[in-house]
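Student: Chains as they are written, first to last, in our numbering: chain A, 17 to 313; chain B, 310 to 635; chain C, 66 to 312; chain D, 231 to 644; chain E, 676 to 950.
First the structure, then my questions, so here it is.
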Amino acid sequence: MSDLIQYTFNGLVVGSIFAIAAVGISLLYSVLRLVNFAAGDFLTLGAFLTYFLSVTLELNFFFSIVVSMLAGMGISWFLELVLWRNLRRNKAGTLALFLVATGVALMLRPIIQFLFGTETRKFNIDILKTYDFLGARIAHTQLLVLIFASASILVIALFISKARIGKDMRAYANNPGLAAVSGINVDRVVLATWLISGALGSLAGVFQGLVQGQFNNSMGESLLLSFFAAVVLGTIGDAYGALVGGLLLGLFMELSQLSFFFGGVPSNYKPVVAFATLVLVLLFKPEGIFGYRGRKV
Amino acid sequence: MDAFVQPGFWVFVLALAGIYGIFALGLQIQYGVGGIMNFGHVGMMAVSGYTIAVLVIKYQWSFWWAAFVGVVLAALLGALLGLTTLRLSGDYFAIASIAFAEITRYWILNTDSVTGGTQGTLAIPNPLGFGGYTNQPDLILTWISDRLYPIVGDEASRDMSMIFIVWPFLFLFIWIASKLQQTSWARVLRATREDDDVPRSLGKNVFRFRLQTLVIGSVFGGIAGVFWALQFALLAPEDFLRIVTFYGWMILILAGATRVKGLIIASIFFGFLYGSTRFLEFWPLSLLSSPERAYLRVFLIGFVIVLLMLKRPQGLFGKRQEMVLE
Amino acid sequence: MINSNSDQALFSVNDLQGGYGDIQILNGVTIKVPDQSIVTIVGPNGAGKSTILKAIYKIADVTSGSVTLNKNGVITDVLATKPHNLSSIGVGYVPQIENIFPALSIEENLEVGFVNFENNNLETIRDDIYQRYPDLKIKAKDRAGTLSGGQRQMLAMARALMSSPRILLLDEPSAGLAPALVDQLFEELVKINKSGVTILMVEQNARRALAISDYGYVLDMGKNRHEGAGASMVDDPEIVGIYLGKK
Amino acid sequence: MKIRKVLLATALTSTLVLNALPAQAAVDMKIGTIHPLTGGNADYGIGLTTAAEWGAESVTKAMKAAKVAGSCKIVASEDDQATPALAVEAATKLVKSNKVNAIVGPLTSGSTLGIAQSVTVPNNIVVIATAASSPTITKYADQDLLFRTYPSDAFQGKVIVAAVQKAFGKTVTLSIGARNDAFGTALANVVTNEWVKGGGDIGRKVLWNPDNATFDSEAKLLTEGSPDVWVIVDFPDTFAKVGPALVRTGKWDAKKTFFTEAMYDEAVIATIGVSIMAGAKGTAAKSIGVDSAKWKTDRKAAKPSTKETFVDASGYDATVLLCLAAIHGKSVKHTALIKSLRAVSGSQGGPLIPWTKLTDAVKAAAAGKKFTYQGAWTTAKFDAAGDSSGALFRVYSIDAAGKLSSNDAEDVRF
Amino acid sequence: MENLASASSTSLDNSSSDFAILDVRNISVSFGGVRPVQDVSFKISENSFTSVIGPNGAGKTSLFNLISGMNKVSAGEIIFRQQAIQAIHPHKIAQKGLIRTFQGAKIIKRLTVAENLMMAVQGNPGDNLSGFLRIRARRDFEAQARAEAMRRLDQVGLTKFADEYAGILSGGQRKLLDLSRALMAKPSLLLLDEPFAGVNPTLVEKLIMVLGELRKEKSMTFLLIEHDLETVMNISDRVIVMADGKIIADGLPGAIYENEVVIDAYLGSRRKEIK
């Protein structure tokens, strides 16, 4: 029982981060048909920038997070202006977008390393404090992350469902042709999508940094495929789906280590659980948990 | 500059470029003919390379039979990938194929008893003690370099012998691929790249055609794996990260997605680009520390692909239409 | 009867030519829509009716000609206006197919269509719409994808009305509707028109559309073929000829 | 064409011969390094590269002080991202383009064997690997060209097991956690085998992927079954994530845990967290009678920009040994280098000269004497396989303040 | 639709005397609440030429999609040459000799005009990978296919475009290519979806001429979707009228012309006055 609680908690923590990262990727896909292979590096960037501001410059932690989210937005915007906009104008196809996104990731990585070094970093927060809960050990930082990430998920969900620009984004994703003719400013929608995904990337990076306790510059990159798995699980292009898909995948990856699951998956196969989930979902329910049959995949 | 003009390293680069050329040729057949975006191609290379190592070291097979089985297994992996996920459309398939390759890599990484696991092929359990797997082909490589010695002197090396093995094959494969492209079979595939309904309505089993393309591409991935295994004489899971597939795509895009012959120049160009970034030691870059120059190298590779897609998406030889009309 | 050639036309299409890429569909079409009127464009398949509307929204290409909106003497070049800005200058559009956002709720569909002018208010307009279409109010929170064909058309119209348009462009509003619903639809169009909204529609159901129209145009092969006061055209044998290919 | 080539070759050879005459006295040693400078292991690679570069600079300074002509330089430092294929590429570049006489690195066993097989052995280049620990390297038929300053897992594994047995007895249950890479799994296997051979039980064996999102589940598995003692084979960057997770399980006890030398560094302990590490023990290779703390301060002064890692000094020693060997043999030829490496590293005895007295070491080498260079990392005493046989292992423990201490009497030698 | 009963009564049962090559029995299809085809039945006799007319959205193209297997029926049966085909793959249906064209001429833009045609020839050994090695057989087949293609191109006046990318063809030329391609497959039943829409009158005449010649050969059965009644009149010997997913009339072309139901379906019925 305590095992179940423990793994569920661990899964929720990981899952909530997956969810936040996945929703950014999913929004970008739904609006721009872009599979963002650079998403992982935005996480790393966010974590390192927050580290730099809050630890090196000793600024307020929350302030640092906000600044690094703004920076994530800024870089996304910059790339939209110099890169993605031009590619769309050139009618670049899926392959071109794939390769450019990978290229951007290759460019971002050394920049991060150049700016922040290769060392392992940690935030100024007690990573050892734990609470006992029905026999499970709940880490203080992870509890914080779970609370703040859940709050963020709520805010994101509310934003997408209630804010006008959120509705415009969903409308555009749902029917781009109609969106353009019914008065939705497409440029604004695209920009908003980039800004949101940039901000969410940084935020997820900070959360991931907190959960890991310490992080280095390959943090985000190594999680990228798990994010994709979460996106696919929750139906590609469906923002709510990505949120739920992220949570489910996190839970699934952790719970798979429990012995009731085929005797428990050895921990060195943990990433395979994510990849296999991805393949299996694509295989048997390609429309994802929120998609409907007949949706083109 | 002195170091830059020494031929030895470039011989290595050329041999490697040939291997990458064969690797990219597999992608070329899949994408350029069939429109399939396979981002897990490196998995095929890993499978065939590892099959050779395991069969030769663990079971003392002949290298050549092991290579044959390796290519067959790569083809089977391609078939498995296709049968399970080829029904998906473009980007979904691409993501699934990455996952496929990663699962393969993790299996190699974690199955010490067969693959040597994290230690690479040198740790494959081996009844005869430590041993490489290239003894047989090494005889041939030595034979070639002995023949080359009177001509090029000390430049005769294993790498140069590799060129004499890899490049003729690359030319042969490019010839085969260009023949293949002219067949009615490829014609149907080129049609499916644009539209499934037309060939289907004309009695063509589109799925079967696609699957065949994927398998043929995988065979070339497997063959590249054979040469890779030969070139490096030791394999480790870290050699088969997804970035390698990306390099293959980079060559393909340089060549122009449907230009088979462009692959020759593109492979050399890529090899040169990749190799020459190791020489960024001149002023003012010499002011940077060696780690900083190493970041610059990765950055440049990313920068070139982004610039290429932005300014010349059709590659060095392709027609712009081909990228735009996707 | 309103003179169609009046220079006071609210909306006019002048000698429009264009099509899709190198395929020319429109070979010079001229349409005048007087303020407060209903004007219908009819014609057989492939005549280029819908292409006119698509050209205005940059879905089809224009090679020559112009489209202008004359709002109280202020003349706007419609073709030079970005599609998403058309609703803010008073042009509403209901495409023929895929004219709602199925994944959004009905309420959200309406909200997305809303354009903020100085003195209008989302709630007021929406309440107004709900009053007009009580069916939509009942299902306000449901996904629009769950609506029936008739309700979808209603929603599409309502969505366009959310931007308080001066002129509404309709692309085959009756397509795919059950006969009973078609009657309802045309009655509704008359009501909308009475409330001060000018209507330009492209319609397949020629007789019924012309019956409620002030003026009608018949297109064929991308050109004006015939025109006249709406009601007078209902029984025009020439139209039957054009439709069924009798020359 | 052919005639021209012959003429050219003759001309080249004659100039070389002419130039080579005075060079007999003044050796011109060119060294290249290969380490991961980008990617996940870049931290260690950069540390080792910088240390190696500092080593070459130190020798140059010592040569000047000792008035020994010639030079010993690092001509290029290459990146292999810890992958064998890229290491081969890097080695080919160093050997063919930079014409290096010897290579320092790579970091990993895979890369080391990769370059040996494809590049360095066929081209007769001496390699001193800096952190490759696989026992396979010992067995590898390297024609005596492959050396290493890092102890083989075969040594280290036995040392840990012996230390654990001494502290907790032979028959207790031992759980082992290791990073899922070449370093972790190989040593974990040696420890497992040795422990079982000694009559002990293995509780849990958990391998974790260094790039996992979290390690709480792994930590939980590792603490299950309440073992009597843990052995953890991990690098600091990963253990910084695993450690807190272990503490949070509430079932883990640092006092019952043994680490490898990766944790033998007070800065590392501080980074991971003193409260996590306090009470833990470990084994680490040691250079006899040498002040490693001074090396760290000196290096920091010389190369302030780079952060240190536990293994840095290994790169320094490798470079210094190569330079000393070149001076000793008055030649950069591989046969001479191999011979001299043994002469200066203490394989053939001779007086001890610590790294702090490099000038003395250079003088001794220039005089062709046999001596034992006591490195900052190890006293190499290269054996027949090129392994560092002089390694002495200390058993260290971490006190409540995060300070390291060890008792020379407990040192283990192999 | 009030006159449906009387309209149906005017239908001719062509199938009674001749062999029915296609027998559509009560087929329906629905997509997410929409039912483009509802309970449609008819028979097509061999060597006949039948036109399907009806206003936009009547379900004509949906009907073709069902017959050719592109979409699967929700209910009902489709019998083609005594074989039920409603559940088999579209390419298998095509291989049986039931070939269709698409509304708006789906040509393959990045194949040459000749390649577009050659792709359609059935029984190509090169379609199989195993055939790749049968070089002689492949080469002979290609040569024949090419000759055949050139003949077809000559017929429609596209010879000079044979080796150009089909993407450069104009709308009308694409229609010609589409029709020629379908003919290359030597179908026993050919479904033509608005082959004349957007084609200029001279070309239409040419196309009709080509079809007329084929009719004389008596080796093909045609099912045509067309709007232009005059054209339909010229070539068909039977007309099926569809509206709202149902067949509302079926009969001789001349009879259809005068049918009030048909005219209503096109122009909308004259219903109550709207104020």
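Glycine is no exception: its CB is placed at the ideal position from the N, C-alpha and C atoms.
Against chain H, does B/G429 count as a neighbour if the rule is that its beta carbon must be under 7 angstroms from one of theirs?
Tutor: Checking the listed chains, one finds no chain H in this structure; the protein chains it contains are A, B, C, D and E.
Student: My assumption, with CB atoms under 8 angstroms, is that D/V550 sits in contact with D/V330. Please give the rounded CB distance.
Tutor: In the fourth sequence, counting from the first residue as 1, residue 550 of chain D sits at position 320. In the fourth sequence, counting from the first residue as 1, residue 330 of chain D sits at position 100. So it is not a contact: roughly 16 angstroms between Cβ atoms.
Student: By how many angstroms is the C-alpha of A/I41 removed from the C-alpha of E/D868?
Tutor: Translated into positions along the fifth sequence, residue 868 of chain E becomes position 193. Translated into positions along the first sequence, residue 41 of chain A becomes position 25. Near 41 angstroms, if we compare the C-alpha coordinates of A/I41 and E/D868.
Student: Over what stretch of residues does the alpha helix (DSSP H) that includes A/H156 continue unbroken?
Tutor: Here the question's residue 156 of chain A lines up with position 140 in the first sequence. Note, A/H156: alpha helix (DSSP H), H156 to K178.
Student: Please list the partners that A/Y102 has in chain D, where partner means a Cβ-to-Cβ separation under 7 angstroms.
Tutor: Position 86 of the first sequence, counting from 1, holds the residue named residue 102 of chain A. Note on identity: in this sequence residue 102 of chain A is Asn, with Tyr being the wrong assignment. Residues of chain D passing the Cβ test: none, with the nearest at roughly 28 angstroms.
Student: When you check each C-beta in the stretch 718 to 735 of chain E against every C-beta of chain C, which residues fall closer than 8 angstroms?
Tutor: P730, N731 and G732
Student: Inspect the beta-carbon positions of D/T360 and D/S517 and report whether they are closer than 7 angstroms.
Tutor: The sequence position of residue 360 of chain D within the fourth sequence is 130, counting from 1. The sequence position of residue 517 of chain D within the fourth sequence is 287, counting from 1. No, the pair does not count as a contact, with Cβ atoms beyond the cut-off.
Student: State the Cα-Cα distance for the pair C/S239 and A/A196, rounded to the nearest angstrom.
Tutor: Translated into positions along the third sequence, residue 239 of chain C becomes position 174. Translated into positions along the first sequence, residue 196 of chain A becomes position 180. Their backbone Cα atoms lie some 23 angstroms apart in a straight line.
Student: Ordered along the chain, which non-local residues of its own chain (more than five positions away) have a Cβ less than 7 angstroms from that of D/A295?
Tutor: Against the fourth sequence, residue 295 of chain D aligns to sequence position 65. Leaving aside the five residues that flank D/A295 on each side, the residues in its chain whose CB is nearer than 7 angstroms to its CB run, in chain order, T589.
Student: In angstroms, rounded to a whole number, what distance separates the CA positions of D/F623 and D/G344?
Tutor: Working through the fourth sequence from its first residue, we reach residue 623 of chain D at position 393. Working through the fourth sequence from its first residue, we reach residue 344 of chain D at position 114. Their backbone Cα atoms lie some 28 angstroms apart in a straight line.
Student: Which class does A/S272 belong to by DSSP, given the choice of helix, strand or coil?
Tutor: Position 256 of the first sequence, counting from 1, holds the residue named residue 272 of chain A. Look at A/S272 here: in three-state DSSP terms it is coil, with no helix or strand label.
Student: Nearest-angstrom Cα distance between C/G113 and C/K123?
Tutor: Within the third sequence, numbered from 1, the residue matching residue 113 of chain C stands at position 48. Within the third sequence, numbered from 1, the residue matching residue 123 of chain C stands at position 58. The alpha-carbon atoms of C/G113 and C/K123 are separated by roughly 15 angstroms.
Student: Let me check one thing: in DSSP terms, what residues is B/Y556 bridge-paired to?
Tutor: As a working mapping, residue 556 of chain B is identified with position 247 in the second sequence. Paired residue(s): none; B/Y556 is not in a bridge.
Student: Note down the Cα distance separating A/T251 from A/L48, rounded to an integer number of angstroms.
Tutor: The residue you call residue 251 of chain A lines up with position 235 of the first sequence. The residue you call residue 48 of chain A lines up with position 32 of the first sequence. Rounded to whole angstroms, A/T251 to A/L48 spans 16 angstroms at the Cα level.
Student: One question on the structure: do B/G305 and B/F313 come within less than 7 angstroms of each other, judged by their Cβ atoms?
Tutor: This structure gives no information on residue 305 of chain B, because the portion of chain B shown stretches from 310 to 635.
Student: Once DSSP output is grouped into helix, strand and coil, what is the label at A/G56?
Tutor: Reading the first sequence from its first residue, position 40 is the one you call residue 56 of chain A. Three-state DSSP puts A/G56 in a helix.
Student: Give the straight-line distance between the Cα atoms of D/D613 and D/V325, rounded to the nearest whole angstrom.
Tutor: Reading the fourth sequence from its first residue, position 383 is the one you call residue 613 of chain D. Reading the fourth sequence from its first residue, position 95 is the one you call residue 325 of chain D. Taking the straight line from one Cα to the other gives about 25 angstroms.
Student: Starting from C/M266, trace the beta strand (DSSP E) in both directions and tell me its first and last residue.
Tutor: For this step, residue 266 of chain C is matched to residue 201 along the third sequence. Its beta strand (DSSP E) spans residues T263 to V267.
Student: With DSSP as the reference, label A/G221 as helix, strand or coil.
Tutor: Residue mapping note: residue 221 of chain A aligns to position 205 of the first sequence, counting from 1. Correct three-state label for A/G221: helix.
Student: Can you name the residues of chain D whose CB is closer than 8 angstroms to the CB of A/N232?
Tutor: Translated into the one-based positions of the first sequence, residue 232 of chain A becomes position 216. Per Cβ cutoff of 8 angstroms: G270, D273 and D467.
Student: Quick check on D/S635: buried or exposed, where buried means 16 or more other Cβ atoms within 10 Å of its Cβ?
Tutor: Start at 1 with the first residue of the fourth sequence, and residue 635 of chain D comes out as number 405. D/S635 is exposed by the Cβ-count criterion.
Student: Between E/A857 and E/G729, how many whole angstroms is the CB-CB distance? I'm expecting something under 8 angstroms.
Tutor: The residue labelled residue 857 of chain E in the question sits at position 182 within the fifth sequence. The residue labelled residue 729 of chain E in the question sits at position 54 within the fifth sequence. The beta-carbon separation of E/A857 and E/G729, rounded to 22 angstroms, does not stay under the 8 angstroms limit for a contact.
Student: I'd like to know if A/S238 contacts chain D, where contact means its C-beta is closer than 7 angstroms to some C-beta of that chain.
Tutor: Here residue 238 of chain A corresponds to residue number 222 of the first sequence, with the count starting at 1. Closer than 7 angstroms: yes.
Student: Are any of the Cβ atoms in chain E nearer than 7 angstroms to that of B/K513?
Tutor: Indexing the second sequence from 1 puts residue 513 of chain B at position 204. Yes, its Cβ sits closer than 7 angstroms to a Cβ of chain E.
Student: Provide the residue(s) that pair with C/H291 in DSSP beta bridges, ordered along the chain.
Tutor: As a working note, residue 291 of chain C is residue 226 in the third sequence. DSSP, once it has assigned bridges, lists C/V283 as partnering C/H291.
Student: Give a yes or no on whether the C-beta atoms belonging to D/V349 and D/A321 are separated by under 7 angstroms.
Tutor: Within the fourth sequence, numbered from 1, the residue matching residue 349 of chain D stands at position 119. Within the fourth sequence, numbered from 1, the residue matching residue 321 of chain D stands at position 91. Yes, the pair counts as a contact, with Cβ atoms nearer than the cut-off.
Student: Cβ atoms of D/V461 and D/I406: under 7 angstroms apart, would you say?
Tutor: Residue mapping note: residue 406 of chain D aligns to position 176 of the fourth sequence, counting from 1. Residue mapping note: residue 461 of chain D aligns to position 231 of the fourth sequence, counting from 1. Contact: yes.
Student: Would C/A240 count as contacting chain E if we go by Cβ distances under 7 angstroms?
Tutor: Reading the third sequence from its first residue, position 175 is the one you call residue 240 of chain C. So yes, C/A240 belongs to the interface.
Student: State the DSSP-derived secondary structure class of A/F25, mapped to helix, strand or coil.
Tutor: Walking along the first sequence from the start, residue 25 of chain A turns up at place 9. Helix, per DSSP.
Student: With DSSP run on the structure shown, which of helix, strand or coil describes D/S544?
Tutor: Looking up residue 544 of chain D in the fourth sequence gives position 314. Note: D/S544 maps to helix in three-state DSSP.
Student: List the residues of chain A that B/G611 touches, going by C-beta distances under 9 angstroms, in chain order.
Tutor: Taking the first residue of the second sequence as position 1, residue 611 of chain B is located at position 302. Correct list: T118, G119, V120, A121, L122, M123, L124, R125 and P126.
Student: Taking DSSP as the reference, what is the three-state secondary structure of C/A245?
Tutor: Within the third sequence, numbered from 1, the residue matching residue 245 of chain C stands at position 180. Of the three classes helix, strand and coil, the one that applies to C/A245 here is helix, per DSSP.
Student: Between B/L523, B/N514, B/Y359 and B/W370, which has its C-alpha nearest E/G744's C-alpha?
Tutor: If you number the fifth sequence from 1, residue 744 of chain E lands on position 69. Among B/L523, B/N514, B/Y359 and B/W370, the Cα nearest to that of E/G744 is on B/N514.
Student: Based on Cα-Cα distance, which residue from E/V748, E/A820, E/L851 and E/G842 lies nearest to E/V831?
Tutor: Position 156 of the fifth sequence, counted from the start, is the residue given in the question as residue 831 of chain E. Closest by alpha carbon: E/L851.
Student: Helix, strand or coil: which one does DSSP assign to B/A312?
Tutor: The residue labelled residue 312 of chain B in the question sits at position 3 within the second sequence. Note: B/A312 maps to coil in three-state DSSP.
Student: How many angstroms separate the CA atom of D/A282 from the CA atom of D/T263?
Tutor: Residue mapping note: residue 282 of chain D aligns to position 52 of the fourth sequence, counting from 1. Residue mapping note: residue 263 of chain D aligns to position 33 of the fourth sequence, counting from 1. Using only the alpha carbons, I get a separation of about 8 angstroms.
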